[in-house]
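The numbering of the sequence shown is the working numbering, which starts it at 1334 and goes up by one. Note that CB positions come from ideal geometry on N, CA and C, so glycine has one too. Read the structure below first, then the notes.
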Amino acid sequence: MKILVLSNFYPPEVLGGFELACAQAVEALRRRGHEVLVVTAAARGYCPPEPHVRRAFSIADIWNLDAMARRPAVVQRLMDAESRLISSFNVRALAEAVDAFRPDVAYVHNLTGLGGLGLMAALGHLGVPWVWQLGDSVPSYCCSLWGEVMPALAERFGAEIRGTFIAVSSRLVAEIEGLGVPLRGRVELLPYWIDGRPGPVPRRSVRNGPLRVVSAGRLTPYKGVDVLIEAAGLVRRSRWSVEIDFYGAVSDVDPNHYPALLQQHGVEDRVRFLGPLDHASLIGRYGDYEAFAFPTWEREPFGIGPIEAAAHGGCLPIISRSCGLAEWLVHGVHCLKVEPTAQDLARAFLDLLEWRIDPGPIAGRARSATWRDFHVDALAPRIEALLADAASSASPSASGSPDEVVRLARLAEGLAQSIIAEAA
1334 MKILVLSNFY
1344 PPEVLGGFEL
1354 ACAQAVEALR
1364 RRGHEVLVVT
1374 AAARGYCPPE
1384 PHVRRAFSIA
1394 DIWNLDAMAR
1404 RPAVVQRLMD
1414 AESRLISSFN
1424 VRALAEAVDA
1434 FRPDVAYVHN
1444 LTGLGGLGLM
1454 AALGHLGVPW
1464 VWQLGDSVPS
1474 YCCSLWGEVM
1484 PALAERFGAE
1494 IRGTFIAVSS
1504 RLVAEIEGLG
1514 VPLRGRVELL
1524 PYWIDGRPGP
1534 VPRRSVRNGP
1544 LRVVSAGRLT
1554 PYKGVDVLIE
1564 AAGLVRRSRW
1574 SVEIDFYGAV
1584 SDVDPNHYPA
1594 LLQQHGVEDR
1604 VRFLGPLDHA
1614 SLIGRYGDYE
1624 AFAFPTWERE
1634 PFGIGPIEAA
1644 AHGGCLPIIS
1654 RSCGLAEWLV
1664 HGVHCLKVEP
1674 TAQDLARAFL
1684 DLLEWRIDPG
1694 PIAGRARSAT
1704 WRDFHVDALA
1714 PRIEALLADA
1724 ASSASPSASG
1734 SPDEVVRLAR
1744 LAEGLAQSII
1754 AEAA
């Protein structure tokens, strides 16, 4: 098959697990003999050219919160609309790619920042069938303005956007549809994946402590960073020791927030913020730890870090009971599930330190299950089958011209800008 992949970022340009998963799926499909073209945003820095990657999209820089806050309110709203609803520039880039590549099917990943609603409408107008990989609530994002789902947009989404959706958890599907955005067509559940090959992991024991814990990703309160720091303080007051290393960029808080929190809980010598690492280097560090802790918020769609650490480092996953990953693992068999509170997390740490729970067998089963069930090559046949089913549903008579779709996109963009400017 000729598969057109759409993604806002693509390695080495990475914000999180979404982009890595996209690249891993692309390489798995290429290994299976498919011709793949990735269309993604223009790089912010230098990226070595790759024949199968076209960095043609323009992305609205909504992630730079400081810069956004300094812009006039009307500019913020216009950028928000460009990010979520429509960018005629990106529709043109998509139309050119479709015209040149002639894909059998599109494999859509994260469209945040690209004007995703317009891109999905353009695929429909051009007659390109699609499979949308949902690792977050992107459809509701595309039907929102200023943080609120617009009922009229959600209604049109349900009426016009029909295809195959792959969701990483049932809680993600429930969240999207609970926000009033219907997923019309076929909805399949498939977990996120890892890549690579098994290597040796160290033999370790946590008897007598300290318990060495890692957490990685976006470092923000809703990912459980504050809870982990407080839990480390509770363990210390119980006369045991847990050492926590965080990898990633701190976001959404004042620069003094975490230094003050470490001091408040008396764990300045127990908790370290070690900054971002590239993916390969991070994987290489996992062998230094006994556990990966992820006490994230309830709406976490999945959470690849804990199973990646289990696979590559033999770490015991400690995860929120309500996160998407928890649907795929069994408490006490592949992981420990906790409520995302400092008290419950500290209790889990003490259970390991005081040897009420032996982490070795659980971590071993997590590692085996991850390599067996969550490897991208194990899941690629199912992705491939869904793409083939979607491709077979194509209706050539339904396709419009690239020129037509770009003119419609410019009209829609102009109308959106006018409405927003008048409402400001």
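Under the DSSP assignment, ASP1684 falls in the alpha helix (DSSP H) whose first and last residues are 1675-1686.
In the structure shown, the three-state DSSP call for GLU1633 is coil. VAL1371 carries a strand assignment under DSSP once its states are collapsed to helix, strand and coil. Contact between the stretch 1568-1579 and the stretch 1541-1551 is established, with three or more Cβ pairs separated by less than 8 Å. For ALA1439, the three-state secondary structure derived from DSSP is strand. The Cβ neighbour count for ARG1435, taken over all protein chains shown within 10 Å, is under 16; the residue is labelled exposed. In this structure VAL1709 touches ALA1358 by the C-beta definition: roughly 6 Å separates them, less than 8 Å.
Under the criterion of beta carbons closer than 8 Å, SER1502 and GLU1660 qualify as touching, at roughly 5 Å. In the DSSP assignment, the residues bridged to LEU1669 are ILE1651. Cβ-Cβ separation between VAL1671 and SER1421: approximately 47 Å, too far for a contact (criterion under 8 Å). DSSP places SER1502 in the coil class of the three-state scheme, outside both helix and strand. Counting along the chain, GLU1383 sits inside no beta strand (DSSP E), nor does DSSP assign it H or E at all. The C-alpha of ALA1754 lies about 35 Å from the C-alpha of LEU1337.
If the five residues before and after TRP1465 are omitted, its C-beta is found closer than 6 Å to the C-beta atoms of VAL1441, PHE1498, all from its own chain and listed in chain order. Measuring C-alpha to C-alpha distances from GLY1657 to each of ILE1637, TRP1573, ARG1698, VAL1666 identifies ILE1637 as the nearest. The stretch 1474-1485 makes contact with the stretch 1410-1420: 3 or more CB pairs, one atom from each, lie closer than 8 Å.
Per DSSP, SER1726 is not a residue of any alpha helix (DSSP H), being assigned neither H nor E. The three-state secondary structure of ARG1698, taken from DSSP, is helix. Residue state for VAL1338 is assigned as strand, using DSSP reduced to three classes. Nearest to TRP1630 by C-alpha distance, out of ARG1605, VAL1558, ARG1569, is VAL1558. Across the set ALA1454, ASP1413, ARG1410, the C-alpha of ALA1454 shows the shortest separation from the C-alpha of ARG1425.
If you compare the alpha carbons of SER1751, ALA1487, ILE1651 with that of ALA1624, the shortest gap goes to ILE1651.
Between VAL1369 and HIS1385, the beta carbon gap of about 6 Å places them in contact (Cβ cut-off 8 Å). CA-CA distance, PRO1554 to HIS1612, rounds to 22 Å. Exclusion of the five residues before and after GLY1733 leaves HIS1458, LEU1459, GLY1460 as the residues of its chain whose Cβ lies within less than 8 Å of its Cβ. Listed in chain order, the non-local C-beta contacts of SER1470 below 6 Å within the same chain comprise GLU1508, ILE1509, local neighbours out to five positions each way being set aside.
Per DSSP, TYR1622 lies in no beta strand (DSSP E) segment and is marked neither H nor E. Residue burial is scored here from C-beta neighbours: ASP1437 has at least 16 other C-beta atoms within 10 angstroms and is therefore classed as buried. The criterion of a C-beta distance shorter than 8 Å is satisfied by ALA1643 and ALA1696. In this structure, the alpha-carbon of LYS1335 lies about 22 Å from that of PHE1351. Residue range 1350-1364 is occupied by the alpha helix (DSSP H) that includes PHE1351.
ASP1432: member of the alpha helix (DSSP H) spanning 1421-1434, first to last residue. Here TRP1479 is not bridged, per DSSP, to any residue. The way I'd put it, the stretch 1511-1531 does touch the stretch 1481-1500; three or more beta-carbon pairs between them come closer than 8 Å. Rounded to whole angstroms, the separation of the alpha carbons of ALA1626 and ILE1616 is 15 Å. TYR1591 and ARG1618 have their alpha carbons spaced roughly 23 Å apart.
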